[in-house]
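Note that the sequence shown ends on residue 104 in the numbering used here; no numbers are left out.
Ideal Cβ placement from N, Cα and C applies to all residues, glycine included.
Taking it in order: structure first as structure tokens, then the write-up.
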Amino acid sequence: MLTRLREIVEKVASAPRLNEALNILVTDICLAMDTEVCSVYLADHDRRCYYLMATRGLKKPRGRTVALAFDEGIVGLVGRLAEPI
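Pasting the structure below:
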């Protein structure tokens, strides 16, 4: 697994733009962990919310920002626990 993680990090680091790096990250994490869904959220501490930045397995509406409050849903729980689920 560490070898696979290193490969993912190298691919992400070589991406020319942030959105491409995040898409590589969620895609390769899904494949490595044999899971259907992986998402990356950005924490905005001033607004106390998370913004969906990249996902595989969820539908991300085009042209619309997806934001969740710090205390909302599974994303908020993961943020509070600071552990993956």
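- The beta carbons of L61 and Y69 sit closer together than 9 Å.
- Assignment of T54 by DSSP, reduced to helix, strand and coil, places it in the coil class.
- Straight-line spacing of the CA atoms in V97 and A88 works out to 12 Å.
- Closest option to V59, judged by alpha-carbon separation, among M72, R67, D53, C49: M72.
- Cα atoms of A51 and A40: separation of roughly 16 Å, rounded to the nearest angstrom.
- If you draw a straight line from the Cα of P103 to the Cα of C49, it comes to about 14 Å.
- Rounded to whole angstroms, the Cβ separation of V56 and R75 is 7 Å, and the two are in contact under 8 Å.
- The beta carbons of E26 and D53 sit no closer together than 9 Å.
- Here DSSP, grouped into helix, strand and coil, assigns D90 to coil.
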